[in-house]
Structure formats: structure tokens, C-alpha cells
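Chemist: Below you will find the structure I want to go over with you.
In UniProt numbering, the protein residues as written are 1 to 245.
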């Protein structure tokens, strides 16, 4: 960690009326936006990780990108802070370039979220149909994934409990379809069970976070763009001051 030190040149302007103060403030917003990207990316990644067996790998690219960009923004904000406090033209220009690159990455992450939202239904239909037929002791990972999903979302089967007849012809259901049933009892279609299907429930969950991903990426990207404008104004003011000295 390093500390920003003020430029050791006398200034005719009292600190209370620092002409650069309006341009230095955005570095605070950069720190906040970086932290927001990091936290939101981690939350979405955590949600998606519960459904790894049902999601394509491309769905994890968005939240991972948010986390990486969040870390970069947080680090670059310190660089911008030092450039502003030291009133260093070169550092401010470099900071502006970094923000433009970050803006591009956030825009890409935002667009990715909206694009992936269009693929959710078809992707989940394929993965749920394929994995449901492999439910059982022979495939513990898939079985566990289905049980977690049915418990968390309060659902049963793909479109409903009847879908499990393909796997359990005798009318049995996974125990996770009967959340209120004691473990020593078997869950069946004749007992009280979850009635809604997992496809619409999981689809709604993934689409929601895809929209959050897109909105956060584009929204905070706009904040970075504003930061670029402020940084350029600061760099111009500093350069003008040096030229008049």
C-alpha cells in the first residue's frame, strides 16, 4: 500500500479554495464502484456455482469479469488519487487511459449479461433433460445438484413432479421434492410435494442475475466514463497552470 503525497510546490490558492477539488472527488466514486463490482460479481458467481451442472461455462465469464475489473478499478483509483493530489499531468493522463480500458471491459461484461439472457431457456431445457435421466446413486454429483436445486427453489422435476416418472416408474420422487417429509419416509406422487417445475424457477433466477450483471456492467461503466471526463479536465487544468508559470 502506498500513500499519496502532495506536490511540494507553493500554491497561491489556499487549500480551502483548491481549484482542482471538484476533479479530485471522483476518485472516491471510483473506489466505491470498484468495490461494488467486486461484491456484485462475487454474489452472482456464488449463485451460479450452485448450478454448475446445469449452466454452460460461458455463464461464469460475466461475474468473473466483474470481479477482475472491480479489483483493477480499486487499484487504479489509488493511482488516480496520487495523480490528482500531486497534480501530475502524466499520471492523470495514464489514469484516464486505464479508465477507458476499464469502461470497455465493463461494457463488454454488461452486453454479455444481456446476450446470455437470451440463451437461458434453451440451455436449461437441454441440461435439465439430460441430467434428470442420470439422477441416482451412480451419479452422486448430479443427484446432489438436483437435490440442492429442488430444495433451494422449492421445485420438483423439469416442468413438474410428473417428469420423474421417466426415472422412477413406480411413482417415487426424490426426497428433495418433499421438503416437509421426514428422512425415514419415501417421497411419492401421492404425498404432498412441490408442484412447480424447476425449469421456470431456475430460468427466472438465472435471467434475473444476467440482467443484474448487464445493468451493473453498463451502469458503472457510465460512472467510469464520467471519471475519464473529470480526469481529462484535471489534466488540462494542471497543464495550463504549468504553461502559465
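All residues carry an ideal CB built from backbone N, CA and C; glycine is no exception.
Could you tell me how far apart the beta carbons of residue 61 and residue 120 are, in whole angstroms, since I believe they sit closer than 8 Å?
Modeler: Sequence index remark: in the chain shown, residue 61 carries index 61 (1-based). Sequence index remark: in the chain shown, residue 120 carries index 120 (1-based). Contact flag wrong, Cβ pair sits at about 15 Å.
Chemist: Among 53, 30, 65, 31, whose alpha-carbon lies nearest the alpha-carbon of residue 44?
Modeler: Residue numbering aside, residue 44 sits at position 44 when the chain shown is read from its first letter. Of the listed residues, the one whose Cα sits closest to residue 44 is 65.
Chemist: Could you check which residue in 28, 36, 229, 180 has the C-alpha nearest to that of residue 193?
Modeler: The residue you call residue 193 lines up with position 193 of the chain shown. Measuring from the Cα of residue 193, the nearest candidate turns out to be 180.
Chemist: Nearest to residue 202 by CA position, among 28, 125, 94, 92, is which residue?
Modeler: Working through the chain shown from its first residue, we reach residue 202 at position 202. For the residues 28, 125, 94, 92, the minimum Cα distance to residue 202 belongs to 125.
Chemist: Using the rule of at least 16 other Cβ atoms within 10 Å of the residue's Cβ for burial, across every protein chain shown, is residue 229 buried or exposed?
Modeler: If you number the chain shown from 1, residue 229 lands on position 229. Exposed.
Chemist: How many angstroms separate the CA atom of residue 221 from the CA atom of residue 106?
Modeler: Taking the chain shown and counting its residues from 1, one reaches residue 221 at position 221. Taking the chain shown and counting its residues from 1, one reaches residue 106 at position 106. When rounded, the distance between both Cα atoms is 5 Å.
Chemist: Looking at the secondary structure, which residues open and close the alpha helix (DSSP H) in which residue 192 lies?
Modeler: On the chain shown, residue 192 is found 192 positions in, with the first residue counted as 1. Unbroken run through residue 192: none, as it is neither H nor E.
Chemist: With a threshold of 8 Å, are at least 3 pairs of Cβ atoms found where one atom belongs to the region 33-43 and the other to the region 138-148?
Modeler: The region 33-43 is not in contact with the region 138-148.
Chemist: Taking the runs of the alpha helix (DSSP H) that are 4 residues or longer, which of them lie wholly in the region 74-156?
Modeler: For the region 74-156, whole alpha helix (DSSP H) runs of length 4 or above, ordered along the chain, are 89-117, 120-132, 140-153.
Chemist: Taking only beta-carbon atoms, is residue 188 less than 8 Å away from chain C?
Modeler: Given the protein chain composition of this structure (a single chain), no chain C is represented.
Chemist: Could you give the distance in angstroms between the alpha-carbon of residue 127 and the alpha-carbon of residue 186?
Modeler: By 1-based counting over the chain shown, the position of residue 127 is 127. By 1-based counting over the chain shown, the position of residue 186 is 186. Near 26 Å, if we compare the C-alpha coordinates of residue 186 and residue 127.
Chemist: For residue 51, tell me which candidate among 33, 177, 131 has the shortest Cα-Cα distance.
Modeler: Counted from its first residue, the chain shown places residue 51 at position 51. Looking at the Cα atoms, 131 is the closest of the given residues.
Chemist: Using C-beta distances below 8 Å, list every residue in its chain close to residue 171, excluding the 5 sequence neighbours before and after it, in chain order.
Modeler: Translated into the one-based positions of the chain shown, residue 171 becomes position 171. So the qualifying residues of the chain are 165, 188, 189, 190.
Chemist: Of the residues 91, 77, 38, which one's Cα is nearest the Cα of residue 68?
Modeler: Translated into positions along the chain shown, residue 68 becomes position 68. Closest by alpha carbon: 38.
Chemist: So, using beta-carbon positions, are residue 174 and residue 150 closer together than 8 Å?
Modeler: As a position in the chain shown, residue 174 is number 174, starting the count at 1. As a position in the chain shown, residue 150 is number 150, starting the count at 1. Yes, Cβ-Cβ distance for residue 174 and residue 150 is below 8 Å.
Chemist: Our contact map puts residue 158 next to residue 199 with C-beta atoms below 8 Å; I'd like the distance itself, whole angstroms only.
Modeler: Here residue 158 refers to the residue found at position 158 of the chain shown. Here residue 199 refers to the residue found at position 199 of the chain shown. Between residue 199 and residue 158 the Cβ distance is about 5 Å, and since that is below 8 Å, they are a contact.
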